[in-house]
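The opening position of the sequence shown corresponds to residue 1 in UniProt numbering, with each subsequent residue numbered one higher. Idealized CB from N, CA, C, for every residue including glycine. This report refers to the structure that appears directly beneath it.
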Amino acid sequence: MRSPEPAFDLRAALTDELRAAIDELETIFSDPTAVHRGRVRVKRALALARVGSACAPGLSNVFVDTARGLMRNLALARDPAALSEAARAAGGKGGKRTAEAFDLVACGIEMEATAHPALNFEAARTGLKDLLALAQVWPEASPRQIRRGARRLERQARRARRRGIACIDPVARHKWRIREKDRHFASLILGDAWPGKRRRKTAEKIGMALGVERDALLLMERLVAEPDLAGDERSLRRALKALNRRRSKYARRADALAARMRSNR
């Protein structure tokens, strides 16, 4: 007689991710990068909640809606840091004048963020505790339900990938990135409980390329809205041109990686 499959403890995995996010939030005043790490933990929990929709669809919907509100709040602190990092990364790939222009942009974004802090710390803490409370009442998921939830994520990622490849619509590209990260995080956390190939390295590279592409686009939009960040008109044109090259480069890289993943199915 065959022994039963070991069940993946979805509730424990969810609570572990959210407790880690709460721990990160408590350190943000001494470590600004903690916001990013906390957001990653919430994204990992979101991926698990979407897998868990197979056994608790209503609870999963409430969890996702609550997490979205929390992520919008955390983004108020994370987005300026991400744009500043993107500016310095773009500046490191050009000449001296380009680097100087991007350094000026990064400093301007950081000064604005310092002068107008936007994160509502208490609301973020409350949001995380609300998510933890939801995670702690998650029903036990059977191996079959875990497989069904994981395969649903896989299908969503494939659909978003198909629509996003070679697409010029930034909304479709961003949707692809979200679904790709959902799939990647879920496959990492589920481990042997993930049905099929995990393709960890390729998925990670696709997510990184799409992230750089999006950051470049957001930084371009910020510079168009606030051209004074670049200092003068010539520096602005130089920065926008460099960012557009960077955006195109990483968009092509993501498309190529996705095509390779599709051909190796």
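Neighbour-count burial assignment, residue i, 16 or more Cβ in a 10 Å radius
i: residue 26; result: exposed
i: residue 17; result: buried
i: residue 261; result: buried
i: residue 177; result: buried
i: residue 184; result: buried
i: residue 80; result: buried
i: residue 95; result: exposed
i: residue 114; result: exposed
i: residue 102; result: buried
i: residue 29; result: exposed
i: residue 33; result: exposed
i: residue 252; result: exposed
i: residue 215; result: buried
i: residue 140; result: exposed
i: residue 235; result: buried
i: residue 154; result: buried
i: residue 164; result: buried
i: residue 68; result: exposed
i: residue 248; result: exposed
i: residue 3; result: Low confidence applies to residue 3: its pLDDT is 49, below 50, so where it sits in the model is not reliable enough to give any reading.
i: residue 221; result: exposed
i: residue 149; result: buried
Continuous alpha helix (DSSP H) stretch holding residue i: start and end
i: residue 102; result: 96–115
i: residue 249; result: 233–263
i: residue 28; result: Taken as a continuous stretch (DSSP letters only), residue 28 belongs to no alpha helix (DSSP H), as it is neither H nor E.
i: residue 85; result: 57–91
Supposed close pair residue i, residue j - CB separation, criterion 8 Å
i: residue 77; j: residue 35; result: 5 Å
i: residue 157; j: residue 182; result: 7 Å
i: residue 146; j: residue 42; result: No, residue 146 and residue 42 are not in contact; Cβ-Cβ is about 21 Å, not under 8 Å.
i: residue 210; j: residue 243; result: With a Cβ gap of about 16 Å, residue 210 and residue 243 do not count as contacting.
i: residue 106; j: residue 84; result: 4 Å
i: residue 44; j: residue 189; result: 6 Å
i: residue 245; j: residue 213; result: That pair is no contact at about 12 Å.
**Request:** Write down every uninterrupted run of the alpha helix (DSSP H) in the stretch 127–204 whose length is 4 residues or greater and which is fully enclosed by it, in chain order.
**Result:** 143–164 and 170–190
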